[in-house]
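Below is one structure, written out as structure tokens; the observations come after it.
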Amino acid sequence: MTSIQMYEGDKLIECVGCKVVFLFSVGEAAFFKDHDLDEPKRCAPCRHVRREEKERIAADTPAEGEEVGDCGV
Ligand SMILES: [Zn+2]
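Taking the numbering used here, the leading residue of the sequence shown gets 23, the next gets one more, and so forth.
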């Protein structure tokens with residue numbers, strides 16, 4: 023038995039990250055459309071991970087001019 027409760031207009035999308043099939047509800051679709059966003063390609067946990075990664079990379083990026091290299095010879 024499936025535990026996913028679907029309503030008319032809901033969609034099932036396969037996450038490109040973890041291949042999990044997740045429900046993209048008609049309510050979410052309306053929200054995405056409202057904000058001019060494309061349908062998600064990833065499930066919520068994958069999107070969350072990606073967002074955190076992006077923030078971490080942004081925080082780790084060295085300030086401009088601070089080049090890291092091993093050309094000190
Ligand atoms: Zn995923």
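Note that the Cβ used here is the ideal one computed from N, Cα and C, for glycine as well.
Looking at the C-beta of residue i, does it have a partner C-beta in chain D at a distance below 7 Å?
| i | result |
| --- | --- |
| D32 | Checking the listed chains, one finds no chain D in this structure; it contains a single protein chain. |
Would the C-beta of residue i count as close to ligand 1, meaning under 6 Å from any of its heavy atoms?
| i | result |
| --- | --- |
| G39 | yes |
| R72 | no |
| V42 | yes |
| R78 | no |
What's the gap between the Cα of residue i and the Cα of residue j?
| i | j | result |
| --- | --- | --- |
| V48 | R72 | 24 Å |
| E50 | P62 | 10 Å |
| G91 | G39 | 33 Å |
| R69 | F54 | 14 Å |
| R64 | T83 | 25 Å |
| D56 | A81 | 30 Å |
Excluding the five sequence neighbours on either side, which residues of its own chain have a C-beta within less than 6 Å of the C-beta of residue i, listed in chain order?
| i | result |
| --- | --- |
| V42 | C65 |
For residue i, collect the residues of the same chain with a Cβ closer than 8 Å to its Cβ; drop the 5 residues on either side in sequence, then sort them by chain order.
| i | result |
| --- | --- |
| C37 | V43, F44, K63, R64, C65 and C68 |
| Y29 | S47 and V48 |
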